[in-house]
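**Student:** Before I ask anything, here is the structure I am working with.
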Amino acid sequence: MNKCCCEHTGKALLLHNQAPLIDLHADTFSFKKDTSKFVDGWPKRHLDLPRMLEIGIWAEAFSLFVYPKWAAGEKAGWLSLAEHELDNIHTAIENSGGKMALAVDANEVLSNLDGGAVSAIIEIEGLHALGGDIAKIEKFFERGVRIFTLTWNNSNNWATSCMDDDAETRGLTLAGRDAVAEINRLGGLVDFSHSGERTFWDSIDIIERPPICTHSCCRAIKDSSRNLTDDQIAAIIERGGVIGINFFPGFLSKNKYSKVTAADIADHIEHILELGGEKNVGLGSDFDGISHLPVGIDDCTGIITITEELLARGHDDGTIMGILGRNFLRVF
Ligand SMILES: [Zn+2]
Ligand SMILES: [Zn+2]
Numbered sequence: 118m119n120k121c122c123c124e125h126t127g128k129a130l131l132l133h134n135q136a137p138l139i140d141l142h143a144d145t146f147s148f149k150k151d152t153s154k155f156v157d158g159w160p161k162r163h164l165d166l167p168r169m170l171e172i173g174i175w176a177e178a179f180s181l182f183v184y185p186k187w188a189a190g191e192k193a194g195w196l197s198l199a200e201h202e203l204d205n206i207h208t209a210i211e212n213s214g215g216k217m218a219l220a221v222d223a224n225e226v227l228s229n230l231d232g233g234a235v236s237a238i239i240e241i242e243g244l245h246a247l248g249g250d251i252a253k254i255e256k257f258f259e260r261g262v263r264i265f266t267l268t269w270n271n272s273n274n275w276a277t278s279c280m281d282d283d284a285e286t287r288g289l290t291l292a293g294r295d296a297v298a299e300i301n302r303l304g305g306l307v308d309f310s311h312s313g314e315r316t317f318w319d320s321i322d323i324i325e326r327p328p329i330c331t332h333s334c335c336r337a338i339k340d341s342s343r344n345l346t347d348d349q350i351a352a353i354i355e356r357g358g359v360i361g362i363n364f365f366p367g368f369l370s371k372n373k374y375s376k377v378t379a380a381d382i383a384d385h386i387e388h389i390l391e392l393g394g395e396k397n398v399g400l401g402s403d404f405d406g407i408s409h410l411p412v413g414i415d416d417c418t419g420i421i422t423i424t425e426e427l428l429a430r431g432h433d434d435g436t437i438m439g440i441l442g443r444n445f446l447r448v449f
């Protein structure tokens, strides 16, 4: 657990209470784990319900993620694992004694909070889990999934991943256009984290809600195919979307992991601010999905060090509250 000893700690906690503090990506329920400890405390993980309450997180976007190599690539296997992870989130909500509730839009985040509950937002990370069956998009939507991450690090029959050698020339397939149309019809958000560049440009003007990247950083600072180019960031800003900055040291900096801190997260945030994205940047930790966190951030309570860093750099309360979650709440 993070111990805060910064002159800005009190002010940071106050902002967490005032701001909609929302994290756009955690894999706490991914990887087909036994998640029964989430409600009462799961110290081995980056995030659990007691620590969400402690640091004042209003909403966490939990992903459903299935490794492509699992189930020997059997589509039916992927699907049942994704459904199992979704069951686990709903079970945690049921077992939370009213402390956590599902949120499918911004109004529900606010009404849950009024009722004393933090919100679980659900996203599916990599549509390979649906095995190419468009009808499954509605099935997952009906069970609360509102964010659809087109790919993980593997391409699927709808879209090309950023890790694919052809990512600059091969994008959305014809079937992928139908899948995006179905997400539009239902009113879901399309998430471009992990998407290849061509997939991004093929999709950006056919999606109906603002574009989001739940857990991506800036390529201008760290050259990685997982990070966004300035042109992509500008396109997201122009369309009123939001980018959640990923906390993984390898996406944040060229330096050794042991030298990466909340200051590097603030650098990526400021890069988006410099491109005019005051209303378009947020937090996308990737808690429980990454092997390392920045120094000084041991778990979700370490979000406070980012708030402190932004305060120390002189950002005003309105800008910081936007970054902490108001920007995402606007599009959700
Ligand atoms: Zn993930
Ligand atoms: Zn991811």
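If you count the sequence shown from 1, you need to add 117 to reach our numbering.
Cβ coordinates follow ideal geometry from the N, Cα and C atoms, glycine included.
Small disclaimer: the values here were computed from a predicted structure and weren't measured.
1. Between R315 and G358, which are expected to be in contact by the criterion C-beta below 8 Å, what is the C-beta distance as a whole number of angstroms?
2. Nearest to K371 by alpha carbon, out of A193, L164, I338?
3. I think K154 touches L198, with their Cβ atoms under 8 Å apart; what is that distance to the nearest whole Å?
4. Note down, one range per segment and in chain order, each alpha helix (DSSP H) of at least 4 residues found wholly within the segment 328 to 407.
5. Among A176, L132, T418, H332, which has the Cα closest to the Cα of I269?
6. Cα-Cα, which of A234, A352, G214 is closest to A220?
7. Give me the residue from W318, G243, G232 with the minimum Cα distance to W195.
8. Could you please give the first and the last residue of the uninterrupted beta strand (DSSP E) stretch that includes M217?
9. Let me check one thing: in DSSP terms, what residues is S180 bridge-paired to?
10. Can you tell me which of D340, S213, G435, T418 puts its alpha carbon nearest to the alpha carbon of A237?
11. Spatial neighbours of D403 within its chain, please: CB distance less than 8 Å, with the 5 preceding and 5 following residues excluded, ordered by chain position.
12. Starting from I172 and walking both ways along the alpha helix (DSSP H), at which residues does that stretch end?
13. Can you find the residues in the same chain that come closer than 8 Å, C-beta to C-beta, to H201, ignoring five residues on each side of it along the sequence?
14. Keeping to the same chain, check which residues put their C-beta closer than 7 Å to that of H388; ignore five residues upstream and five downstream.
15. Please determine whether the Cβ atom of H432 lies at a distance below 7 Å from any heavy atom of ligand 2.
16. Let me check one thing: in DSSP terms, what residues is V262 bridge-paired to?
17. Taking 7 Å as the line, does the beta carbon of E177 fall inside it for any heavy atom of ligand 1?
18. Identify the residues that DSSP records as bridge partners of V412: which are they?
**Tutor:** The structure says:
1. Within the sequence shown, the letter at position 198 stands for residue 315. Within the sequence shown, the letter at position 241 stands for residue 358. Contact flag wrong, Cβ pair sits at about 18 Å.
2. Stepping through the sequence shown from its first residue, residue 371 is reached at position 254. Checked all of A193, L164, I338; the closest Cα to K371 is I338.
3. Residue 154 sits at position 37 when you count from the first residue of the sequence shown. Residue 198 sits at position 81 when you count from the first residue of the sequence shown. Actually they do not touch by this definition, with Cβ atoms about 20 Å apart.
4. 347 to 355, 366 to 369, 379 to 391
5. On the sequence shown, residue 269 is found 152 positions in, with the first residue counted as 1. Correcting the residue identity first, residue 269 is Trp in this sequence and not Ile. Looking at the Cα atoms, H332 is the closest of the given residues.
6. Translated into the one-based positions of the sequence shown, residue 220 becomes position 103. Ranking A234, A352, G214 by Cα distance to A220 puts A234 first.
7. Locating residue 195 in the sequence shown gives position 78, counting from the first residue. Per the Cα distances, G243.
8. Position 100 of the sequence shown, counting from 1, holds the residue named residue 217. Where M217 is concerned, the enclosing beta strand (DSSP E) stretches over 217 to 219.
9. For the purposes of this step, residue 180 is taken as residue 63 along the sequence shown, with counting starting at 1. E240, per the DSSP bridge assignment.
10. As a first step, residue 237 is located in the sequence shown; it is residue number 120 there, counting from the start. If we check each option's Cα against that of A237, S213 comes out closest.
11. Taking the first residue of the sequence shown as position 1, residue 403 is located at position 286. Around D403: H142, A143, D144, H332, N363, F364, F365.
12. Start at 1 with the first residue of the sequence shown, and residue 172 comes out as number 55. Unbroken alpha helix (DSSP H) run through I172: 166 to 172.
13. Counting from 1 along the sequence shown, the entry for residue 201 is found at position 84. The answer, listed in chain order, is K149.
14. Position 271 of the sequence shown, counted from the first residue, corresponds to residue 388. Excluding positions up to five away in sequence, the list reads C335, A337, I338.
15. The sequence position of residue 432 within the sequence shown is 315, counting from 1. Checking the Cβ of H432 against ligand 2 gives no.
16. Taking the sequence shown and counting its residues from 1, one reaches residue 262 at position 145. I239, per the DSSP bridge assignment.
17. Working through the sequence shown from its first residue, we reach residue 177 at position 60. E177 Cβ: outside cutoff for every heavy atom of ligand 1.
18. For the purposes of this step, residue 412 is identified with residue 295 of the sequence shown, where counting begins at 1. According to DSSP, V412 bridges with T378.
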